[in-house]
Amino acid sequence: MVSTEIFLFIPLLLIGLVIIFYRRPDLIYNLLLVILHFMYSLYKLYLSIPLLFLRNRTPTCASQLSGDIKYLDKIPKHLAVMFWSDDIQEERLIEAAQLCCWAWCFGVKTVSIYEPEGHLKEYIQLLQYHINTVSREFISLEKILPTIQVTSPSSISSPIENETNQSDLLVNLISRSDGRARIVETTKSLAKDVIQEKIKYDDVNIQELDRRLKIFQIPEPQLLISFSSRIDLDGFPPWQIHLTEIFHVPDNPNFSYSIFLQGLRKYSKCNQRFGK
Numbered sequence: 285m286v287s288t289e290i291f292l293f294i295p296l297l298l299i300g301l302v303i304i305f306y307r308r309p310d311l312i313y314n315l316l317l318v319i320l321h322f323m324y325s326l327y328k329l330y331l332s333i334p335l336l337f338l339r340n341r342t343p344t345c346a347s348q349l350s351g352d353i354k355y356l357d358k359i360p361k362h363l364a365v366m367f368w369s370d371d372i373q374e375e376r377l378i379e380a381a382q383l384c385c386w387a388w389c390f391g392v393k394t395v396s397i398y399e400p401e402g403h404l405k406e407y408i409q410l411l412q413y414h415i416n417t418v419s420r421e422f423i424s425l426e427k428i429l430p431t432i433q434v435t436s437p438s439s440i441s442s443p444i445e446n447e448t449n450q451s452d453l454l455v456n457l458i459s460r461s462d463g464r465a466r467i468v469e470t471t472k473s474l475a476k477d478v479i480q481e482k483i484k485y486d487d488v489n490i491q492e493l494d495r496r497l498k499i500f501q502i503p504e505p506q507l508l509i510s511f512s513s514r515i516d517l518d519g520f521p522p523w524q525i526h527l528t529e530i531f532h533v534p535d536n537p538n539f540s541y542s543i544f545l546q547g548l549r550k551y552s553k554c555n556q557r558f559g560k
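The sequence shown runs 285 to 560 under the working numbering.
As structure tokens, then:
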């Protein structure tokens with residue numbers, strides 16, 4: 285008897301909903317918005333679960349990272365990060381030094397730190413000092429300490445991606461001026477060479493522009509991590525990130541090892557098809 289009543293109730297309920305939505309179609313959109321908002325809330329909750337276990341964890345030596353490294357199928361050779369502070373304080377420089385040590389332990393070969401205004405470049409020597417200090421403490425059990433070199437595209441004497449560079453980890457400090465402005469400058473130089481017949485018109489192509497941009501410019505990063513609560517590239521060199529995986533965690537405005545590790549985990553699992 286009960287099953288019969290339920291069998292009759294369900295069609296009547298569906299008919300009632302159809303009548304209501306027919307007379308008030310705006311209710312359908314409101315219902316869809318509620319469902320989408322609920323799904324987004326579940327997604328944010330899913331992203332925050334790892335933070336509950338890693339938020340207070342900051343490795344103090346390289347041996348503490350071995351458990352995290354062995355679960356990654358692949359590591360980005362070039363990691364880019366958005367600098368996580370508007371003020372260049374010594375505490376932030378120490379955090380940047382810690383990040384460089386983490387990156388080296390995971391097998392990253394190049395780290396590019398983007399600070400839009402270029403103020404971080406003024407502290408290149410101080411950052412190098414903190415990296416040397418932190419690396420000696422963090423990697424104290426290693427037989428040979430890594431050579432970590434800090435440079436920038438404006439440093440003509442030490443161009444980025446130099447084939448003769450013997451550093452174990454290269455740290456690039458880049459800013460907004462290394463983005464669109466560098467593309468414009470390179471394009472003008474390319475046009476001038478064509479006019480002066482230094483190169484043929486038929487040789488002007490995307491590959492030639494890409495080669496010139498890489499002379500004193502960063503190569504393509506495989507992964508870009510933002511430690512802010514929202515994604516804002518804020519003038520990051522656009523030429524280099526058209527195939528880059530971008531990672532951030534909503535509602536997380538702070539620098540932390542957990543975000544760093546989650547970014548590497550996401551990159552390890554991603555399947556990059558490169559337009560195929």
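Backbone N, C-alpha and C define an ideal beta-carbon position, used for all residues, glycine too.
Legend entry - Buried or exposed by the 16-neighbour rule on C-beta atoms within 10 Å, applied to K405: buried
Legend entry - Residue span of the alpha helix (DSSP H) that contains E401, given as start and end: No alpha helix (DSSP H) holds E401; DSSP gives it neither H nor E.
Legend entry - H362, enclosing beta strand (DSSP E) - first and last residue: H362 to M366
Inset, instruction - With a threshold of 16 other CB atoms inside 10 Å of the CB of F367, please say whether the residue is buried or exposed. - result: buried
Legend entry - Beta-bridge pairing of T342 - partner residues as DSSP gives them: Paired residues: none, contrary to the question.
Inset, instruction - Check whether the Cβ atoms of F544 and I515 sit closer than 8 Å, and answer yes or no. - result: no
Inset, instruction - Decide if the region 363 to 377 is in contact with the region 341 to 349; the criterion is three or more beta carbon pairs, one per stretch, under 8 Å apart. - result: no
Legend entry - Unbroken stretches of the alpha helix (DSSP H), 4 residues or longer, contained in the region 520 to 544: none
Legend entry - Continuous alpha helix (DSSP H) stretch holding T435: start and end: Not the alpha helix (DSSP H): T435 falls in the beta strand (DSSP E), residues I432 to T435.
Inset, instruction - Evaluate the contact criterion for the region 349 to 367 versus the region 389 to 402: three or more CB pairs, one atom per stretch, below 8 Å. - result: yes
Inset, instruction - Taking 8 Å as the cut-off, decide whether the C-beta atoms of S473 and I458 are in contact. - result: no
Legend entry - Opening and closing residue of the alpha helix (DSSP H) in which L457 lies: That residue, L457, is in no alpha helix (DSSP H); its beta strand (DSSP E) goes L453 to I458.
Inset, instruction - Please look up how many angstroms separate the CB atoms of A387 and L453, rounded, as I've assumed it's under 8 Å. - result: 7 Å
Legend entry - the ligand FMN heavy atom lying under 7 Å from the CB of Q450: Ligands in the displayed structure: none, and consequently the ligand FMN is not present.
Inset, instruction - Out of K484, D494, S451 and V533, state which residue places its alpha-carbon closest to the alpha-carbon of T471. - result: D494
Legend entry - Rounded separation between I432 and E492 - CA only: 30 Å
Inset, instruction - Could you spell out the range, first to last residue, of the alpha helix (DSSP H) harbouring S473? - result: R464 to I479
Inset, instruction - Pick out whichever of H526, G519, I378 and L429 has its Cα sitting closest to the Cα of L507. - result: H526
Inset, instruction - Would you mind reading off the limits of the beta strand (DSSP E) that contains I509? - result: L507 to S510
Legend entry - CA-to-CA distance, N538 to Y551, given in whole angstroms: 20 Å
Legend entry - Burial state of P534, where buried means 16 or more other Cβ atoms lie within 10 Å: exposed
Inset, instruction - Look at the alpha carbon of P505 and the alpha carbon of Q524, and state the distance between them as a whole number of angstroms. - result: 7 Å
Legend entry - CA nearest to the CA of G547, picked from I319, L316 and L383: L383
Inset, instruction - Within 10 angstroms of the Cβ of D310, are there 16 or more other Cβ atoms? Answer buried if so, exposed if not. - result: exposed
Inset, instruction - Determine the DSSP secondary structure at V395, reduced to helix, strand or coil. - result: strand
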